[in-house]
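Taking it in order: structure first as structure tokens, then the write-up.
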Amino acid sequence: MSTKLNVLSHVMVPDHQLMSEEEVSALLSRYHITTEQLPKIYHDDPAVKVIDAKVDDVIRIIRKSHTAGRAEAYRLVIRRPKK
Amino acid sequence: MPSPKRIGKIEFGLLSPKEIREMSVRKIIWADTYDDDGFPYPQGLMDLNLGVIDPGLRCKTCDQKASDCPGHFGHIELAKPVIHVGYTRLIRKLLRVTCRSCGRVLLSPDEVEKVVGTDEDQTGDQISEKDVKKERVCPHCGEQQLKINFEKPTTFSEVVVEDGRKVEHKLTPADIRARLEKIPDEDLIALGINPKVARPEWTILTVLPVPPVTMRPSIILENGQRSEDDLTHKLVDIIRINQRFKENQDAGAPQLIIEDLWELLQYHVTTYLDNEVAGCPPARHRSGRPLKTLSQRLKGKDGRFRGSLSGKRVNFSSRTVISPDPNLSVAEVGIPRAVANEMTVPVRVTPYNIEDLKQIARNGPVRPDVNAPCGANYVIRPDNRRLRLGPDNLDTVADMIEPGWTVERQLRDGDIVLFNRQPSLHRMSIMAHRIKVMEGRTFRLNPAVCPPYNADFDGDEMNLHVPQTEEARAEAFILCSVQENILSPRFGGPIIGGIHDHISGIFMLTHDPRWFNKEETLYLLKPVKIEHMPPAGKTENGIEYWSNKQVFSQILPVALNMVFKASSCQNCDTCKKDLCERDAYVRIIDGKLESGTIDKKAIGAFDGQIVNRIIRQYGMKRAAEFIDQVTKLSIRGIMFDGFSFGIDDEDLSKTEYGQIDDVLNSAAIDVTRRIKIYEDGQLEPMPGRTIEETLEMQIMQVLGKARDQTGQIAGRHLGLGNSAVVMAVSGARGSMLNLTQMAGCIGQQSVRGERIVRGYDDRTLPHFKKGDRGADAHGFIAHSYKGGLNPTEFFFHAIGGREGLVDTAVRTSQSGYLQRRMINALQDLKVAYDGTVRTTGGRIIQFQYGEDSTDPTKSAFGDPVDVKGIVEAVLKEEV
């Protein structure tokens, strides 16, 4: 039995966080958008699986940025189409 | 004008025979076009119901003139159905996945569900040929399936096993059509076909649409003969064969003849649709030229999409060779008188400009010389009639002009035009210039604007476009003018600046302290707009002298403060600052050059520190002015001393040649010594390398060092008195390495970073012994370009040179394709007012443009704020 690797603890994987409902509605009203207009991420993405996000959840990704130092991005979890 | 509407959806389908007959205005039965009187035959291919192309005639369908009638379709009833070549792959798939007797898909409902999914949970997949096993039994009716063979271009056959032998049984288009008709609608959806708009049997043609004459016009040759369009020729063939086919069918001709005619009809319909089908000889014109049929009209670079829709030829444009003129401003472009006379700008007549425009009309279409006022070629009346201005009607037309008319005025100095050089790789490839009418036949431009266009004068041609409306001119000037494009969005620095002689000239002018008397100072500053002379720097024997730094300071803005290191800086460990023996420490205090040499770092394109600072502090306009002045001053500077380079500038003295020989000899001895060590098996391999690799690296290192030493020896002899050294040090052109190769030693030639090893068995050339690992046997060139190469060296040099050429050729094609894909992916993105990057549909791509919302054009070489520069400008000192 192998120990499962937590991808988030890898240096090259940026921090993924599950957003609460209030945070999501604040985000959507801040940009005047619907969830459909957010960038997407597949539900079976390794990082999504670690934070246990489900389809239609929104996750926050905090990256190190060359230009800004720290940058936040948001992605909507969607189902991966078969094939 | 109709209001814009949002497109809800687009449906793609096939034309059904019913639709073809419904949209047809005439059944076409005669292959002939015109009768002896030149009048179209009724029911012929040029029937007047299909639209008209001859002026004067009226369309029998819509009763409009040739210019207004859009044309109407006709149709041909085919004697027997034929296959549409464009759908052979679909037909093949359908024949293979459906039953030959009942027409159902050869999969049980469960199997279908596995591929397509249930109604609620669809996979988005469709049944493909791979999902159906070959020669299985139909799950619906139990019929044994046969293998379907397809032979290009349009032959289908079934493989029947007879007496243990495989026999191919040909399927006629009629058979295929019958089978496709049997496929039920429900099964088609699983196959990815919407039966409402595309029944599969419609891929087999029973009736052929005849396109309107307007899309296949005949042309009348000089001798009065009519020449028909390729499509018309092909339609004539189809009708002829179709007619013969019908006659033979009615007469009850033998099966063999019918089959032959059927195949012939199939061939003609196939080539009518696509004349470049594999396995089918192209239909040819009488002259032997392949006909340009339907698909050839659409395909490829000159086809309808790439050639007529995405890009097309335009009016009000001009193209000619370019040549340099340093006396023009960077924002100007010199155009030949012939171009200025031909190209026009429409000007609406108002009570305010009527007198000027009347005079322009009186000047007429011929401008005698470049200084003459511009004329006009046409005037347009309010009813849109154009009156051509000629030598005899100038005054009559000019007197008729009233407010409301339009005068098409010729170009004159100061007009705004767009100037472009292909390939247009970035936005600076098209910039707005103000024109200057000149004699000659070329476009003239200031060499300082060559870098953004990537232009040189070895025969380059450029294009010029004249905006026709006030809005277009304003937009061009505000967004695309040269001064707005000095900064490149690529790296946030100036892309326009001095090149070549500008840099050599300003270097020679400003390097080391020099003094000029009044006459010389005025000669240098003559092209520069200054109000008065500065006070003299020193007075000797009653004669006033001005320093070279003073002269340069005249073109600097008065409050400019900056400190930087010039291109000639050697990056010493401890900077001697003002006492730098190379005079490479540039200090500008309050608009005065206190120390240092002005060169590529200060005013060059891509670097231009001073230009950059002037843009930030004083704006684009002042920077453009500075570039104009610095280029003019530097040209004077280079003319003051004169500047040339000849073969004897590469000469060294006897001592240097002796030293170079010594260096090369000792290097050769060192190489043989190392080879000896290797051959004795004494060589210690470097970590991670084989012994051979270690030896190669050592040899490369020794030879590289030797070449550098020859360069240093040559450099010691060649000082700043040498033009090539001036160019290399100032950054104008070339490097010290080029000089080393000319005067000292060319050095090792390499292929893929290694010494040259390919050639014959164990040797590069038959001039060497097998297994020779020496320097000269593997591409080391001990001679210089000046001294001349021996034959083996020459050959190695050609090998190394070829690699460079291949690399550039490969790189340009690869990066071109990369850029094309990149542009296609990014072209419609824009930065919204809230700083997000979005698609046209409002979908977010980036939450903050570039994550820091910084426009790279306005950044300081990548950083949002140039803190160091600002602090230095305030403290007037390096920090």
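So the sequence lines, in the order shown, correspond to chains A and B. Using my numbering, the first residue of the first sequence is number 375, and each one after it goes up by one. Using my numbering, the first residue of the second sequence is number 302, and each one after it goes up by one. Built from N, CA and C at the ideal position, the CB exists for glycine as well.
Per DSSP, Phe-720/B forms a beta bridge with which residues?
Met-732/B and Leu-765/B
State yes or no: is the beta carbon of Thr-441/A nearer than 8 Å to at least one beta carbon in chain B?
yes
Can Val-383/B be considered in contact with the ligand FAD, in the sense that its beta carbon sits closer than 7 Å to one or more heavy atoms?
The ligand content of the structure shown is nil, which means the ligand FAD is not present either.
For the beta strand (DSSP E) containing His-470/B, name the first residue and the last one.
466-472
Let me see if you follow: with CB-CB separation under 8 Å, is Phe-1148/B close to chain A or not?
So yes, Phe-1148/B belongs to the interface.
Between which two residues does the beta strand (DSSP E) harbouring Asp-426/A extend?
From DSSP, Asp-426/A is part of no beta strand (DSSP E); its letter is neither H nor E.
Compare the C-beta of Asp-1135/B with all C-beta atoms of chain A and state if any pair is closer than 8 Å.
The C-beta of Asp-1135/B comes closer than 8 Å to at least one C-beta of chain A.
Please identify the residue among Ser-868/B, Ile-948/B and Gly-1035/B whose C-alpha is closest to the C-alpha of Gly-256/B.
In the structure displayed, chain B extends from 302 to 1180; residue 256/B sits before or after that span and is not available.
Please give me, in chain order, every unbroken run of the alpha helix (DSSP H) with length at least 4 that falls completely inside the region 1011-1063 of chain B.
1024-1031 and 1037-1040
Go to Thr-645/B, then tell me how far its beta strand (DSSP E) extends in each direction, as first and last residue.
645-649
Is there a Cβ from chain A that is less than 8 Å from the Cβ of Ile-539/B?
Any Cβ of chain A closer than 8 Å to the Cβ of Ile-539/B would place that residue at the interface, and such an atom is absent.
Do Glu-951/B and Met-834/B count as a contact pair if the criterion is CB distance below 8 Å?
no
Listing by chain order, which chain B residues have their CB less than 8 Å from the CB of Glu-446/A?
Phe-1148
Report the residue from Ser-1051/B, Arg-1059/B, Lys-922/B and Asp-1062/B whose alpha carbon sits nearest the alpha carbon of Phe-1081/B.
Ser-1051/B
Excluding the 5 residues flanking Cys-442/B on each side, which residues of the same chain have their C-beta closer than 7 Å to its C-beta?
Cys-400, Ser-402 and Cys-403
When the Cβ atoms of the region 871-878 of chain B are set against those of the region 901-908 of chain B, are three or more pairs found closer than 8 Å?
no
Tell me whether Tyr-754/B is buried or exposed, calling it buried when 16 or more other Cβ atoms sit within 10 Å of its Cβ.
buried
Sort Gly-892/B, Leu-695/B and Ser-896/B by Cα distance to Ala-885/B and report the nearest one.
Ser-896/B
Just confirm the distance between the C-beta atoms of Arg-638/B and Val-667/B, as a whole number of angstroms; I'd bet it's less than 8 Å.
Incorrect: roughly 10 Å between the Cβ atoms, too far for contact.
Is there a Cβ of chain B sitting closer than 8 Å to that of Ile-407/A, yes or no?
yes
For the region 456-542 of chain B, list the alpha helix (DSSP H) runs that are entirely contained and at least 4 residues long, ordered along the chain.
If we require 4 residues or more, the alpha helix (DSSP H) runs fully inside the region 456-542 of chain B come out as 474-483 and 486-491.
Could you tell me if Ala-632/B is buried or exposed, where buried requires 16 or more neighbouring beta carbons within 10 angstroms of its beta carbon?
buried
Give me the Cα-Cα distance between Leu-980/B and Asp-971/B, rounded to the nearest whole angstrom.
With the sequence shown as reference, residue 980/B is identified as Glu, and Leu is not the correct amino acid for it. Taking C-alpha positions only, Glu-980/B is separated from Asp-971/B by approximately 14 Å.
Count the other CB atoms, across all protein chains shown, that sit within 10 Å of the CB of Lys-737/B; report buried if there are 16 or more and exposed otherwise.
buried
For Asp-1077/B, which residues in chain A fall below 7 Å Cβ to Cβ?
By Cβ distance, chain A contributes nothing, its closest Cβ being about 48 Å from Asp-1077/B, past 7 Å.
Is DSSP giving Phe-944/B helix, strand or coil here?
Reduced to three states, the DSSP call for Phe-944/B is coil.
Quick check on this structure: which residue in Val-767/B, Gln-769/B, Pro-768/B and Arg-722/B has the alpha carbon closest to the alpha carbon of Leu-746/B?
Arg-722/B
Extract the residue ranges of the beta strand (DSSP E) inside the region 882-946 of chain B, only unbroken runs of 3 or more that lie entirely within it.
886-890 and 893-896
Name the two residues that bound the continuous beta strand (DSSP E) containing Gly-806/B.
From DSSP, Gly-806/B is part of no beta strand (DSSP E) but of the alpha helix (DSSP H) over 802-811.
Using the C-alpha atoms, what's the distance from Leu-719/B back to Glu-776/B?
11 Å
Using three-state DSSP, classify His-376/B as helix, strand or coil.
Assigned with DSSP and collapsed to three states, His-376/B falls in strand.
How about Glu-980/B: is its C-beta nearer than 8 Å to some C-beta of chain A?
no
Which residue from Ile-623/B, Gly-352/B, Ile-890/B and Glu-487/B puts its Cα closest to that of Glu-1173/B?
Out of Ile-623/B, Gly-352/B, Ile-890/B and Glu-487/B, Ile-890/B has the C-alpha closest to the C-alpha of Glu-1173/B.
Would you grab the beta carbon distance between Phe-808/B and Ile-899/B for me? Rounded to a whole angstrom, and I think it's under 8 Å.
7 Å
Hey, out of Tyr-919/B, Gln-855/B and Glu-926/B, whose CA is closest to Gly-892/B's CA?
Gln-855/B
Assuming Tyr-405/A is part of the beta strand (DSSP E), what are its boundary residues?
Unbroken run through Tyr-405/A is the alpha helix (DSSP H), 395-405; no beta strand (DSSP E).
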